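Just so you know, my numbering puts the end of the sequence shown at 779, numbered straight through with nothing missing.
Presented below is the structure to which this report refers.
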Amino acid sequence: MLLAIWLLPAGAVLAPSRALDSLRQVVATHPQADTTRVRSLQALATEVGKQQPVEAIALTKQALALARQIADPVGEGQALLRLGTLYRRQADYTPALQYTEQARRLFTRRADLAGLSNVYMQLSLIYMVQGSPVPAVQAALKGLHLAEQVGDPQAQVRLRATLGNIYHQVGDYHSAVLVLQTALRDARKIGDERAIASALNVLGNSYQQQQRYQLALASYQQAIALNRKLGDSKSETIDEIDVAELYEEQGRYALALLHGQRARQLTRTGNDMFSLPAAELILARVYLALSQPDSAIALARHGLQLSQQHRNNENIRNASDVLARAYSARHDSARAFQYLQLFVAYKDTLSGEEVQRQTSALRYGFELDKKQQQIALLTKTRQLQAQKSARQRQQLYALLAGLGGLLVLASLLWRNIVLKQRANRQLNERNDQIAQQRDNLDQALHQLQATQSQLVQREKMASLGELTAGVAHEIQNPLNFVNNFAEVSGELLAELRQELDAEPLLAARRAVLSALLQDLDGMQQKIAEHGHRADSIVKGMLEHSRASTGQRRPTDLNALVDEYLRLSYHGLRAKNKNFNVLITTHLDPHMGLVEVVPQDLSRVLLNLFTNAFYAVAEKQRNVARPYQPEVRVCTRRHTSEVEIRVRDNGTGIAAALTDKVFQPFFTTKPPGEGTGLGLSLSYDMVTRVHGGTLSVDTQEGEFTEFIIRLPLDVEE
């Protein structure tokens, strides 16, 4: 378990109830809209948040609104950062990131380095608990650099503890132990008991991974005692889970059950739904080791459900592993294989040599920046010392000038100038070498990150293809039966209505039967409608799994773009006669013929054009101000590649969603209007079939631009 996710700003010890009552009284008796009320609301939210996080969120939002109303940037920044903390501790990471990003922009505008240090610590904790170690390390290193600049020892301690936590996550236990020991020593110097407890927990985790069990147990026990003293039941729960895992790893199952059940009881007492999955998973593993697979399955399934709700990738991976082994023990190979696939997918996401290499590169970049700063400081010091020496020499030469030392003075000055020029020349050469090395490292890191992203996406698409092929074929047959029987049911309803018209019935009876037939006809139409929608989704899945069989041939790319742009527009006009849009094209007259698979590329273009027209139509439907929909299409031929850009001034895409737009089954459209397979399939065709790239640039509410780049020199 990773205790650092519970790190809070200072003052997390539970206060007596009378202190809480006193703060409520202060807020009630001071209704004036001023900074005093802002601070009072924030203090009350801090105390309430230890037991009632929902009420704390509401109080902090009041403080935020008031701070903005009275133009109090200090109170606004504190409220934004506090909301990020509260939502993170509730495992609601989308608003946590949103509020923390707002705080980052505010502190950046105000050049508040201490505030920015806390913002990056918050971002690091959010990324870490979501299982994204690379952005977590980046944020922690930025925060640590700022904390060192402003001389904030408490922030330095907590950021080092967070870094040690991340190194532990990616399996670099040696580095984790070194960083955590430094953080623990500094935390004890400043008396930060919460940071001490955090560092002890993760230090125990790293010792455990190194099989240094006695040191690990001692660290956990110290952390439990300290968290119990602080009244932090959530952190105590995590410590108990870690002790249970330690005993389970050693095969001491009775003690593992004891501590696991104690942790589960603490989560229920404190309504800690975030730690409950981990407590249940350790119990499930122990029951599985004791040959009780039914108990293990019950606990692991509940833990998996909660972990998926909280989007905790680590717990999802662990729960899938337990379920795969438990179902295997029950000889249920189908379910065992299902959960084994889920385990492998999340295992690849959370670990691997690639992540460790990126983390090491980031750490090296941070150390390189520190050395550059030290060189700059040393240069400045030498310059000051040289200036001081020059002044002293000048004073000495002035005293000796009367003794006829003019010639000696000139010689010494000349020698000093030569030496200084030589030293400056050597220092400049050294600085140039270091700058070149830094630039090379930055370029290599960016290339490595881009390559990793493409590799991960291709592996996902390959895995999805294998999975969807089987699923789609299995669904197709029963889906055909549903559609066929829906069609037959419609015909039978028509015949039944004719028979009813021929029967001599009372008017009231005929009205009732007609109403029932009408309702039945409506339900049958809904069945047919959704059956056809499901059929389109299955066909999309089969397209994902089907390798392209098209052949490359020289194609007039401008003509292909223009043809499918018009086709998409007229298709939308056929559905909505009132829809009008300004279409602007800038097609490179030197484009010429390009080797592509026309049928595949045309599907990509049709998808992008349709999405663009949909986006401007949605914005036109919802915007109140005057608005001119526009779709702009550009082509350009470069030396080694061709480029196609499709830009619209529609609804745009939220920043938090841009990384997901090419994922299968992800869509921003309302239910029933999109399958989420179009962009994923387009990405696959551009990257895998054509060896190119497909990227997106967007600003929510303003524009979206998709860029296709295809290489001209393609190896078959």
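Virtual Cβ for every residue (Gly too), placed ideally from N, Cα, C.
Note that the coordinates shown come from a computational prediction; the quantities given were computed from them, not determined experimentally.
Exercise. When DSSP labels each residue in this structure, what does I120 get in the three-state scheme?
Worked result: helix
Problem set entry | Candidates R151, D84, T148, Q105, of which the one nearest A130 by Cα | Q105
Problem set entry | Own chain residues within Cβ distance below 6 Å of P340, not counting five before or after | G366, L369, S370, N378
Problem set entry | Helix, strand or coil at F769 according to DSSP, with G and I counted as helix | strand
For this session: Identify, in the order they occur along the chain, each residue of the same chain with its Cβ nearer than 6 Å to the Cβ of D760, setting aside the five sequence neighbours on each side.
Result: E768
For this session: For the region 125-179, list the alpha helix (DSSP H) runs that are entirely contained and at least 4 residues long, ordered along the chain.
Result: 136-152, 156-172
Exercise. Is E681 closer than 8 Å to L645 when the C-beta atoms are compared?
Worked result: no
Problem set entry | chain D within 8 Å of Y276, Cβ atoms only | Looking for chain D here will not work: only one protein chain is present.
For this session: Give, in chain order, every unbroken run of the beta strand (DSSP E) that is at least 3 residues long and sits entirely within the region 666-702.
Result: 693-700
Problem set entry | Nearest residue (CA-CA) to V385, options A399, N376, R374 | A399
Exercise. Applying the criterion that 16 or more other CB atoms from any shown protein chain within 10 Å of the CB defines a buried residue, is A610 buried or exposed?
Worked result: Confidence at A610 is low in this model, with a pLDDT of 49, below 50, so its placement is unreliable and the value that follows should be read with caution. Per the 10 Å Cβ criterion, exposed.
Exercise. Just curious, the alpha helix (DSSP H) that P617 is in, first and last residue?
Worked result: Premise fails: P617 lies in the beta strand (DSSP E), 616-619, not in any alpha helix (DSSP H).
Problem set entry | Extent of the continuous beta strand (DSSP E) to which L353 belongs | L353 -> no beta strand (DSSP E), and no H or E assigned at all.
For this session: Identify which residue in S296, Y409, Q561 has its Cα closest to the Cα of K113.
Result: S296
Exercise. Under three-state DSSP, which class holds D711?
Worked result: strand
Exercise. How big is the Cα-Cα spacing for I304 and V659?
Worked result: 56 Å
Exercise. Between which two residues does the beta strand (DSSP E) harbouring L656 extend?
Worked result: 656-659
For this session: Take Q614 and list the residues in its own chain whose beta-carbon comes closer than 8 Å to its own, dropping the five residues that flank it on each side.
Result: V660
For this session: Run the CB neighbour count on S261, radius 10 Å, all protein chains shown included, and call it buried at 16 or more, exposed below.
Result: buried
Problem set entry | Residues near A75 by beta carbon distance below 8 Å, same chain, minus five either side | For A75, the predicted structure reports a pLDDT of 39, less than 50, and the residue's modelled location is therefore unreliable. A value from the coordinates is still provided. Excluding positions up to five away in sequence, the list reads K113, R257, L293, D295.
Problem set entry | Same chain only: Cβ atoms within 7 Å of D255, ignoring 5 sequence neighbours per side | Q217, V220
Problem set entry | CB contact flag (G715, Q762, <8 Å) | yes
Exercise. V759 by DSSP, collapsed to three states: which one?
Worked result: strand
For this session: Can you say whether M184 is buried or exposed, counting buried as having 16 or more other CB atoms within 10 angstroms of its CB?
Result: buried
Exercise. With distances taken from CA atoms, which of V545, V575, L628 is nearest S589?
Worked result: The residue asked about is misnamed: residue 589 is Lys in this sequence, not Ser. Closest by alpha carbon: V545.
Exercise. Terminal residues of the continuous alpha helix (DSSP H) containing I716?
Worked result: Here I716 belongs to no alpha helix (DSSP H), and DSSP marks it neither H nor E.
For this session: Could I get the ranges of all uninterrupted beta strand (DSSP E) runs contained in the region 323-400, with 3 residues as the minimum, in chain order?
Result: none
For this session: Just mark D249 as buried or exposed, buried being the case when its beta carbon has 16 or more other beta carbons within 10 Å.
Result: buried
Problem set entry | Assigned secondary structure, P727 (DSSP; H/G/I helix, E/B strand, else coil) | coil
For this session: Tell me whether A387 is buried or exposed, calling it buried when 16 or more other Cβ atoms sit within 10 Å of its Cβ.
Result: buried
For this session: Spatial neighbours of R380 within its chain, please: CB distance less than 7 Å, with the 5 preceding and 5 following residues excluded, ordered by chain position.
Result: F406, Y409, K410, L413
For this session: Pull up the distance between the alpha-carbon of A288 and that of I301, whole angstroms please.
Result: 13 Å
Exercise. So what does DSSP say about F567, is it helix, strand or coil?
Worked result: The sequence shown places Pro at residue 567, not Phe. If DSSP states are grouped into helix, strand and coil, P567 belongs with coil.
For this session: Name, in chain order, the residues that DSSP records as bridge partners for H649.
Result: C697
Problem set entry | Boundaries of the alpha helix (DSSP H) in which K732 is found, first to last residue | That residue, K732, is in no alpha helix (DSSP H); it is neither H nor E in DSSP.
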